[in-house]
Every structure is written in C-alpha cells, then in structure tokens.
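Colleague:
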Amino acid sequence: MPKKKQEKAKTSEPPPEPLPQDLPDDCPWKLSYRKTKDNRIVLFATMDQGSEGYCWTIVFSRMVSIHLYIHKKVKKLLNLSAKHLFANIEEKLDNGNLKSYKSLDAFLKNEGLVLEQECKCIVGKTEINSVQCDKVKDKETFKILDFVVVEGDKVNESDIIHLLNTKGPIAAHIRVNRNFKKSYKGNDTDEMYYGPSNKGQIDDHIILLTGYATKNGVHYFEYQNSWGSKWGLDDGFGKFARKISLPKNQKSLVVAYMYPEVFSKGMNTLHLPLVLRKTGPEAELNFECG
Numbered sequence: 001m002p003k004k005k006q007e008k009a010k011t012s013e014p015p016p017e018p019l020p021q022d023l024p025d026d027c028p029w030k031l032s033y034r035k036t037k038d039n040r041i042v043l044f045a046t047m048d049q050g051s052e053g054y055c056w057t058i059v060f061s062r063m064v065s066i067h068l069y070i071h072k073k074v075k076k077l078l079n080l081s082a083k084h085l086f087a088n089i090e091e092k093l094d095n096g097n098l099k100s101y102k103s104l105d106a107f108l109k110n111e112g113l114v115l116e117q118e119c120k121c122i123v124g125k126t127e128i129n130s131v132q133c134d135k136v137k138d139k140e141t142f143k144i145l146d147f148v149v150v151e152g153d154k155v156n157e158s159d160i161i162h163l164l165n166t167k168g169p170i171a172a173h174i175r176v177n178r179n180f181k182k183s184y185k186g187n188d189t190d191e192m193y194y195g196p197s198n199k200g201q202i203d204d205h206i207i208l209l210t211g212y213a214t215k216n217g218v219h220y221f222e223y224q225n226s227w228g229s230k231w232g233l234d235d236g237f238g239k240f241a242r243k244i245s246l247p248k249n250q251k252s253l254v255v256a257y258m259y260p261e262v263f264s265k266g267m268n269t270l271h272l273p274l275v276l277r278k279t280g281p282e283a284e285l286n287f288e289c290g
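Using the UniProt record's numbering, count along the sequence shown one by one with no gaps and you end on 290.
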C-alpha cells in the first residue's frame with residue numbers, strides 16, 4: 001500500500017516573550033472579533049462614510065447592534081440605522097462631526113435606534129433631513145441602559161483590553177492626519193499607525209476597536225475603520241500601536257473610548273458577560289451567558 005502523506009501538525013502562533021505589561025492577568029495575549037469559535041458573524045462589512053464626518057454614526061449604531069447580539073438581547077445581528085442617529089442628534093459641527101457625547105448619551109438611552117429599513121430620513125449631499133424620521137415613532141426602537149465614556153487621563157489600555165474580553169468591540173476616539181489617511185496606500189508594508197505627525201491638520205476620528213495582538217514585537221489594537229473596504233491592506237481594518245509600544249512618555253493614541261450597557265424590552269438590566277474559554281495561548285469566543 002502507498003504510504004499516506006504525513007500532514008503537518010497545525011501549530012498556533014506562540015505568544016510574545018515576555019508578555020506585554022499592559023495585559024491583564026485574566027486575558028489572553030491576543031483577541032479578534034473577526035473570528036469566533038462557532039464562526040458566528042458579529043461584525044458588519046466595512047462601510048464608507050464618504051467625505052462627511054459620519055464616522056461616529058456608523059461606529060455607534062453598529063456597536064450597539066453588536067452588543068445587543070453578543071449579549072443575547074436579540075436573536076440576530078440587527079442593521080440599526082446610522083442615518084437615523086445622525087439626523088436626530090442636533091449637537092454637530094458643520095462638517096457633521098459630533099460636538100459632545102451628552103446628546104448622544106441621551107438619545108441612545110431615551111429615544112433609541114431603529115432598523116435601517118424603518119428609517120425614512122432623506123440623505124442629501126451634505127446633510128440628512130430628519131423630517132421623515134417622525135414617521136418611525138411607532139416603530140420598534142432599541143435602547144441602551146447606559147453609555148459609558150472614558151476620556152483623557154482616565155484612559156487605561158489595560159482596561160480597554162479587559163473590556164474587549166468582557167463586553168465586546170468598543171468605540172475609540174483617535175486623532176489622525178494626512179499620514180494616517182495615506183499610510184495604507186501604494187506598496188506600503190508597514191500597516192501600523194503610530195499617531196499623527198506634527199505636520200498638517202489633525203482631525204478627530206471615531207473607530208471600532210475589534211481586538212488586539214502583537215506583531216513583530218509591536219503591541220497593537222485592531223480596529224475597523226469607516227472608509228470602505230478598499231482602505232488599508234485588510235478589508236478596511238487597521239492596526240495602531242498601544243501605549244506600551246510607543247516612545248517613552250508618549251500618551252495613548254486613544255483620546256477616549258465608549259461602550260454601551262445594553263438591555264432590551266421585557267428583560268431586566270442585568271449584564272450578561274461574554275465568556276472566554278482559553279485554549280492554549282489564545283482565546284476562543286463563546287457567546288454564552290455566564
């Protein structure tokens with residue numbers, strides 16, 4: 001009988017040595033919501049916000065949807081309307097950027113998001129007309145219990161890692177300029193973002209943190225951008241260095257981060273944590289109530 005071709009044993013990627021100092025004791029060295037143990041899809045395809053400041057509407061509406069789903073408040077991943085959110089938040093700058101989190105907090109808790117197919121808002125070239133949004137007041141809304149915002153000196157990247165493991169993907173406010181927007185074009189091989197340079201205009205940007213890991217000795221956060229799937233080298237996803245991999249005394253690139261405490265109609269407000277089961281150096285995600 002012919003000898004069977006011996007299959008190479010599959011080996012998982014070894015953890016970095018030593019482990020990063022910002023890694024909490026109860027967390028694996030890497031995590032990504034792009035792949036789950038049961039192959040359940042928990043992230044949406046990357047959306048392109050265009051030239052206006054719509055990044056926050058995309059990130060916050062999707063983040064709420066993801067948290068409702070992975071914490072079993074709803075049975076499927078819902079396409080909640082980003083344009084409905086944009087049209088109903090009045091505290092915005094001329095370019096569409098969010099002025100503050102106060103009105104967003106109130107809307108997500110008191111008014112709630114609606115399904116995309118229920119939103120009747122009219123999208124123009126530079127604005128979204130909210131007059132038609134009145135027609136969805138009798139439709140089902142999806143609210144949150146609380147909207148947590150951590151800013152400035154209170155930002156701790158160890159806490160962010162812990163939240164990614166226990167809550168789910170979270171929103172992050174970072175600052176970017178031309179070197180960020182162009183860093184993934186052409187034949188660039190260094191896809192890591194280390195913060196804005198001192199040249200050019202610096203803009204505020206909201207992204208969705210979807211994981212963390214280490215590559216070539218650099219500890220980083222993984223995120224989903226809102227500039228379309230052609231941006232970057234990985235279907236609209238990117239990486240930026242964590243504080244531990246930045247020059248000494250340089251602050252975290254995360255200016256602020258936000259996440260929801262979720263609940264749904266007819267259920268209590270008890271948080272149902274996402275359970276992590278460790279298998280070797282990595283963790284596999286199980287969406288179970290613990």
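Glycine included, every Cβ here is placed at the ideal spot set by N, Cα and C.
1) Quick one: complete alpha helix (DSSP H) runs, 4+ long, within the segment 22-84?
2) The beta strand (DSSP E) that contains L145, what's its start and end?
3) Can you tell me the Cα-Cα spacing of L163 and Q224, whole angstroms?
4) Report yes if the C-beta distance between V254 and V155 is below 8 Å; otherwise report no.
5) Does the separation of the CB atoms of D58 and A82 fall below 8 Å?
6) Any idea what DSSP makes of L164, helix, strand or coil?
7) Quick check on K215: does DSSP put it in helix, strand or coil?
8) Enumerate in chain order the residues of its own chain whose CB-to-CB distance from L208 is below 7 Å, with the five nearest sequence positions on each side excluded.
9) Cβ atoms of I41 and L80: under 8 Å apart, would you say?
10) Going by C-alpha to C-alpha distance, which of P28, D26, C27 and L43 sits closest to R34?
11) Roughly how many angstroms separate the alpha carbons of P16 and N95, rounded to a whole number?
12) Which same chain residues end up closer than 6 Å to S245 when comparing Cβ atoms and leaving out the 5 residues on each side of it in sequence?
13) Thinking C-alpha only, which one of D25, N110, K143 and K139 is nearest K73?
14) How about P260 and L108: are their beta carbons less than 8 Å apart?
15) Under 8 Å between the Cβ atoms of I202 and H173?
16) Nearest-angstrom Cα distance between E13 and Y212?
17) If you follow the alpha helix (DSSP H) that K102 is in, where does it begin and where does it stop?
18) Taking the C-alpha atoms as reference points, what is the distance between P20 and R242?
19) Going by alpha carbons, who is nearest to K30 out of Q250, I160 and P196?
20) Which of helix, strand or coil does DSSP assign to Q250?
21) Does the distance from the CB of G152 to the CB of E191 come in under 8 Å?
22) Measuring straight from C-alpha to C-alpha, what distance separates K92 and N110?
23) Whole-angstrom Cβ separation of E157 and D22, contact assumed at under 8 Å?
24) So I89 is in the beta strand (DSSP E); what residue range does that whole segment cover?
25) Give me the Cβ distance between E89 and L68, rounded to the nearest whole Å; I'm assuming they're in contact under 8 Å.
26) How about D204 and T46: do their beta carbons lie closer than 8 Å?
27) Do C27 and N198 have their C-beta atoms closer together than 8 Å?
28) Is it right to say K8 is buried, meaning 16 or more other beta carbons lie within 10 angstroms of its own, or is it exposed?
29) Strictly by DSSP, which residues pair up with Y220?
Modeller: A quick look at the data gives this:
1) Correct list: 55-70.
2) Unbroken beta strand (DSSP E) run through L145: I144 to E151.
3) Going from the Cα of L163 to the Cα of Q224 covers about 17 Å.
4) Cβ distance < 8 Å, so V254 and V155 count as in contact.
5) A small correction: the amino acid at residue 58 is Ile; Asp does not occupy that position in the sequence shown. Yes; because the gap between Cβ atoms is below 8 Å, this pair is in contact.
6) Here L164 sits in helix by DSSP.
7) Strand at K215.
8) For L208, same chain residues with a beta-carbon under 7 Å away, outside a window of 5 residues either side, are V59, R62, M63, P169, A171, Y223 and Q224 in chain order.
9) Taking 8 Å as the Cβ cut-off, L80 and I41 do not qualify as a contacting pair.
10) Comparing Cα-Cα distances from R34 to each of P28, D26, C27 and L43, the minimum goes to L43.
11) P16 and N95 have their C-alpha atoms roughly 42 Å apart.
12) The beta carbon of S245 sits closer than 6 Å to the beta carbons of V218 and H219 from its chain, once the five residues preceding and following it are set aside; these are given in chain order.
13) Of the listed residues, the one whose Cα sits closest to K73 is K143.
14) Yes. Within cutoff.
15) Not in contact: I202 and H173 (Cβ atoms no closer than 8 Å).
16) The alpha-carbon separation between E13 and Y212 amounts to approximately 14 Å.
17) Where K102 is concerned, the enclosing alpha helix (DSSP H) stretches over K102 to A106.
18) Distance from the CA atom of P20 to the CA atom of R242, rounded to whole angstroms, is 10 Å.
19) Selection Q250, I160 and P196 evaluated against K30 yields I160 as nearest (Cα-Cα).
20) Looking at Q250 - three-state DSSP - the assignment turns out to be coil, as it is neither helix nor strand.
21) Contact flag unset, no.
22) C-alpha of K92 to C-alpha of N110: approximately 19 Å in a straight line.
23) Sure, about 5 Å apart at Cβ, within 8 Å.
24) DSSP places I89 in no beta strand (DSSP E); its state is neither H nor E.
25) The amino acid occupying residue 89 in the given sequence is Ile; Glu does not appear at that position. Actually they do not touch by this definition, with Cβ atoms about 20 Å apart.
26) In this structure, the beta-carbon distance from D204 to T46 does not fall below 8 Å.
27) Contact flag unset, no.
28) Model confidence at K8 stands at a pLDDT of 45, short of 50, so the residue's coordinates are unreliable and nothing is read from them.
29) Beta-bridge pairing links Y220 to A213 and A241.
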